[in-house]
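Q:
Residue numbers (this note's numbering): 1153 to 1363.
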């Protein structure tokens, strides 16, 4: 979002961005507190949390939308498109592959709702309502895919050392390398296709709003 966009939408956009940032920061904080309320040390809990794509992506959401709320210049349509696509991946993967695998209560349940449902939904609404359209290129999704690919490599390397993987669909010890790589390729393809659909929608909406 450019400075002009912020001036055009003014207080409503900044307040909505602050709400999204608050949801992400609160979700991560509640989840941290829920895990830290036990025998594990705070550094150990923090290290565990940063092993999850959900957490790293909600951190991206929190920083990006804190930037929007504070009129930061780095909060461009390109960055917000990347943020939207990645947090949408969090919501979709959770709904299709992870929902119901663990019984959650208390703070963990609240954090789960905020991180997997609220921040993806609010980010979609913000992008549709406030972000200027028509600036994204067809190559953008390929650049956006670098972040989840980097996370995948990080998660696999970390899992190989720790003997524990963050998600069942990349659990090499349980499903093997062949299935892990197949799952990763399918998710990556889905991500890029969704990105191209987002670019198409951005261009379509941009053309509709031009005088």
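Glycine is no exception: its CB is placed at the ideal position from the N, C-alpha and C atoms. Note that the structure is a prediction, hence the values are computed from the model and not measured.
How big is the Cα-Cα spacing for residue 1186 and residue 1261?
A: Each residue's alpha carbon lies about 10 angstroms from the other.
Q: I'd like the list of long-range same chain contacts for residue 1219, defined as Cβ closer than 7 angstroms, with 5 residues on each side in sequence excluded.
A: Answer for residue 1219: 1226 and 1227, listed in chain order.
Q: Find out if the Cβ-Cβ distance for the pair residue 1263, residue 1182 is shorter than 8 angstroms.
A: Yes, they are a contact pair.
Q: Do the CB positions of residue 1346 and residue 1267 come within less than 8 angstroms of each other?
A: Contact: no.
Q: Assuming residue 1271 is part of the alpha helix (DSSP H), what are its boundary residues?
A: Counting along the chain, the alpha helix (DSSP H) containing residue 1271 begins and ends at 1271-1281.
Q: Expressed to the nearest angstrom, what Euclidean distance is found between the alpha-carbon atoms of residue 1203 and residue 1246?
A: Each residue's Cα considered, the two are about 16 angstroms apart.
Q: With a threshold of 7 angstroms, establish whether the CB of residue 1207 neighbours any heavy atom of the ligand SAH.
A: No copy of the ligand SAH occurs in the structure displayed, which carries no ligand at all.
Q: Give a yes or no on whether the C-beta atoms belonging to residue 1176 and residue 1221 are separated by under 8 angstroms.
A: Contact: no.
Q: Can you tell me whether residue 1330 is buried or exposed, with buried defined as 16 or more other CB within 10 angstroms of its CB?
A: Exposed.
Q: I believe residue 1318 touches residue 1307 by the beta-carbon criterion, under 8 angstroms. Please report the beta-carbon distance rounded to the nearest angstrom.
A: That pair is a contact at about 6 angstroms.
Q: Tell me the DSSP secondary structure of residue 1319 in three-state form.
A: Coil, per DSSP.
Q: Please state whether the Cβ-Cβ distance between residue 1243 and residue 1355 is less than 8 angstroms.
A: Result no, Cβ atoms of residue 1243 and residue 1355 do not sit closer than 8 angstroms.
Q: Tell me whether the beta-carbon of residue 1293 lies closer than 8 angstroms to the beta-carbon of residue 1241.
A: It is not a contact, given that the beta carbons lie outside the stated cut-off.
Q: Going by DSSP, what residue range makes up the alpha helix (DSSP H) through residue 1331?
A: That run of the alpha helix (DSSP H) goes 1324-1361.
Q: What residues in its chain sit with their C-beta under 6 angstroms from that of residue 1214, if we drop five residues either side in the sequence?
A: These residues qualify, in order along the chain: 1173, 1176 and 1177.
Q: Tell whether a beta-carbon distance below 8 angstroms holds between residue 1271 and residue 1239.
A: Going by C-beta atoms, residue 1271 is nearer than 8 angstroms to residue 1239.
Q: Do you know offhand how far residue 1315's Cα is from residue 1358's?
A: If I take the Cα positions, the gap works out to 47 angstroms.
Q: Taking the alpha carbon of residue 1211 as the reference point, which residue from 1235, 1194 and 1199 has its own alpha carbon closest?
A: When only C-alpha atoms are compared, the closest one is 1235.
Q: Taking the alpha-carbon of residue 1289 as reference, which of 1163, 1348 and 1193 has the nearest alpha-carbon?
A: Among 1163, 1348 and 1193, the Cα nearest to that of residue 1289 is on 1348.
Q: Around the Cβ of residue 1279, are there at least 16 other Cβ atoms within 10 angstroms (buried) or fewer (exposed)?
A: Buried.
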